[in-house]
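To keep things clear, I will list the structure first and then write my remarks on it.
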Amino acid sequence: MAGQCLSLSLSLSHTHTHSLSPSLSTRCFPSHHRCFPSGPTGTLALTVCAAAVGGTLQYGYNIAIIDAPTAHICTFINDTWRERRGTRLEAYQVTLIWSFVVSVFSLGGLLGSLLAGPLAVRFGRKRSLLLNNVFLGLSSVLSVSSRTARSFEMIILARLLVGINAGVSMNVQPMYFGESAPKHLRGAAALSSAVFTAFGVLLGQVVGLRELLGGESWWPYLLASGVVPGVIQLLTLPWFPESPCYLLIDRGDKEACVKALRQLWGRDDLGADMEQILQEQGRGGGARAKRPWELFGERSVRWQLLSVMAVSSAMQLCGNDAIYFYASSVFREAGISSDRVQYATIGTGACEFTATVLCNLLIEHLGRRLLLIGGYVLMACWALVFMVALSYRTVDGMPYLCMTCIFAYILSFGLGPAGVTGVLPTEIFNQTARPAAYTIAGSLMWINFFLVGMVFPFLSELGELCFIPFCAVCLLCSLYVGFALPETKGKTLSEITHDFDRLNFGAEGRRSPATSIPRWNLTALNILPPCL
22 MAGQCLSLSL SLSHTHTHSL SPSLSTRCFP SHHRCFPSGP TGTLALTVCA AAVGGTLQYG
82 YNIAIIDAPT AHICTFINDT WRERRGTRLE AYQVTLIWSF VVSVFSLGGL LGSLLAGPLA
142 VRFGRKRSLL LNNVFLGLSS VLSVSSRTAR SFEMIILARL LVGINAGVSM NVQPMYFGES
202 APKHLRGAAA LSSAVFTAFG VLLGQVVGLR ELLGGESWWP YLLASGVVPG VIQLLTLPWF
262 PESPCYLLID RGDKEACVKA LRQLWGRDDL GADMEQILQE QGRGGGARAK RPWELFGERS
322 VRWQLLSVMA VSSAMQLCGN DAIYFYASSV FREAGISSDR VQYATIGTGA CEFTATVLCN
382 LLIEHLGRRL LLIGGYVLMA CWALVFMVAL SYRTVDGMPY LCMTCIFAYI LSFGLGPAGV
442 TGVLPTEIFN QTARPAAYTI AGSLMWINFF LVGMVFPFLS ELGELCFIPF CAVCLLCSLY
502 VGFALPETKG KTLSEITHDF DRLNFGAEGR RSPATSIPRW NLTALNILPP CL
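Just so we're on the same page, the working numbering is the position in the sequence shown counted from 1, plus 21.
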């Protein structure tokens, strides 16, 4: 978390101030003089940390912590059943109940994704994240109480609630970050959600060690430990501003929008930035937020929607979870003792966290397309090498090649798909369509997450050949991005929309009249000087 805050702060301090449009800068802001002082601020970096520590960090953390107490919870399920019914469960029955404990998390995530859009529109981005902690608090109470109450059903309900929390966070948080950052930091800020997800996985793996909370006596507290970062968010996030775009476009509060922009960006020369927000407001025409099903009938967002659906689905169908499935057995075959495999597994979490931090630093230099295409192509290549290495793993040295493939695959995933996917809906949809787009993307992500969890145990019976479908998904997604997804780096929403209009309406694109910007609003709010 500290590394992410530092990386974003460095980005803030090493990037140029957001330039004004030529028509404004040449008339009122000559190069030798500025009407207002400008400079970088750490407020945006602190906002990212305050929101993410109780946001997407919870998603990664709660995925990771469920692995350590598997044996202890299965024993608890069997003992509880015997106390109630006087008989023990068969092994397959325990496995079935445990599978439901694990998979209900994705069902909660789907429900959270469906709630995220309406919550973000009704309460705003920041307040939605704060209210989301209600699900987390209830989940923690149920987890801590489950052993005392002798109820494994409480664990199931707790996992459902924490899944809802994760589903809301995964949709609302990137929206909040993307709308709060200036154009030159928009991708890095939105990608911070993926960084904190990876950090949550790493943190969960560490906390789940047997020496900490992974032991038999402590597993209820391990399942409830996510409440700690939630409390940190409740104590810190209220001090930071709401999304400026939400304040102006959804609530019509211009003064609050200007105040938020100045607080987040640390400067007063906001003329060009307000022009862009007002242009987006003008294109919306005061329309209400769209519902998810309405986007499917909108020709103007057809390719935007297809792009988000394709990339969001591919992120869960690319086989990253399958790599983790093979990790423990590969580590043991490489000579790592069973009692030390848990430490080697932490290395996979550290690898993904490092990769997402690097992606955060590179996204505004290399762009979105290159990271997505490169990430998926590398994953496809490493999947092929991994299949060959698994086929000959009895040969000397092959287990080490398998280990290399595992870390390289995770690194490729973190450098591209894991980070960039969550950025796209913020950049390619306007304010009225953005919540619905996140709802669709998040729902697809959780549905595919559930399907992979259900299908992979059967697919794994194919042995190393189970990676063929994942390799195909990686190649197909890289081709789609290469042919259908325009670059969004450093572009305004108008420019991005124009690129997509060529796909949505033909070669010439859509010809729409220029949006009239109420310039008196800018002067009245002291955003532009009277010389305009």
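Note that CB positions come from ideal geometry on N, CA and C, so glycine has one too. The model shown is predicted, which means the values in this text are computed figures rather than measured ones.
Residue range of the alpha helix (DSSP H) that includes residue i
i, result
"V494", "488-505"
"V227", "207-228"
"N186", "173-201"
"I367", "362-387"
"Y113", "112-144"
"C95", "91-106"
"S333", "323-338"
"R523", "514-526"
"T257", "248-257"
"P262", "First-last for P262: undefined, no H or E at that position."
"A454", "No alpha helix (DSSP H) holds A454; DSSP gives it neither H nor E."
"F19", "Any answer about residue 19 is impossible in this case: the structure gives the chain only from 22 up to 553."
"Y413", "First-last for Y413: undefined, no H or E at that position."
"L483", "Unbroken run through L483: none, as it is neither H nor E."
"W240", "240-245"
Residue i in three-state terms, based on DSSP
i, result
"F471", "helix"
"S149", "helix"
"S44", "Low confidence applies here, because S44 scores a pLDDT of 35, under 50, leaving its location unreliable and the question unanswered by this model."
"G443", "coil"
"D271", "helix"
"L234", "coil"
"T77", "helix"
"K280", "helix"
"Q169", "A small fix is needed here, since residue 169 is Thr in this sequence, not Gln. Correct three-state label for T169: helix."
"R312", "coil"
"R12", "Any question about residue 12 goes unanswered here, given that the chain covers just 22 to 553."
"S358", "coil"
"T460", "helix"
"I344", "helix"
"W403", "helix"
"T509", "coil"
"F317", "coil"
"T36", "For T36, the predicted structure reports a pLDDT of 36, less than 50, and the residue's modelled location is therefore unreliable. A value from the coordinates is still provided. Looking at T36 - three-state DSSP - the assignment turns out to be coil, as it is neither helix nor strand."
"R87", "In the sequence under discussion, the amino acid at residue 87 is Ile, which differs from the Arg named in the question. Three-state result, I87: coil."
"G158", "helix"
"G396", "helix"
Rounded separation between residue i and residue j - CA only
i, j, result
"A310", "R180", "31 Å"
"N83", "V183", "8 Å"
"M408", "C380", "27 Å"
"G247", "T77", "11 Å"
"N154", "V362", "33 Å"
"L243", "V228", "8 Å"
"I177", "C423", "35 Å"
"M330", "S349", "32 Å"
"Y413", "L472", "30 Å"
"L132", "G527", "37 Å"
"S264", "A281", "7 Å"
"N341", "L496", "14 Å"
"K204", "L326", "22 Å"
"G287", "G138", "29 Å"
"G63", "L151", "21 Å"
"S149", "S515", "28 Å"
"P313", "A458", "7 Å"
"L206", "G221", "23 Å"
Cutoff 8 Å: residue i Cβ touching any chain B Cβ
i, result
"G107", "Going by chain labels, chain B is absent from the structure shown, which holds only one protein chain."
Buried versus exposed, by CB contacts within 10 Å (16 or more), residue i
i, result
"V378", "buried"
"Y397", "buried"
"L136", "buried"
"N192", "buried"
"T260", "For the record, residue 260 in the displayed sequence is Trp; it is not Thr. It counts as exposed."
"E315", "exposed"
"T509", "buried"
"Q226", "buried"
"R105", "exposed"
"V122", "buried"
"G370", "buried"
"E594", "Outside the shown range of the chain, which is 22 to 553, sits residue 594, and nothing can be said about it."
"S120", "exposed"
"L157", "buried"
Cβ distance (whole Å) where residue i is taken to contact residue j below 8 Å
i, j, result
"A401", "C492", "5 Å"
"A439", "A219", "7 Å"
"A454", "V322", "6 Å"
"A277", "V69", "That pair is no contact at about 20 Å."
"G503", "R389", "That belief does not hold up - the Cβ atoms of G503 and R389 are roughly 12 Å apart, past 8 Å."
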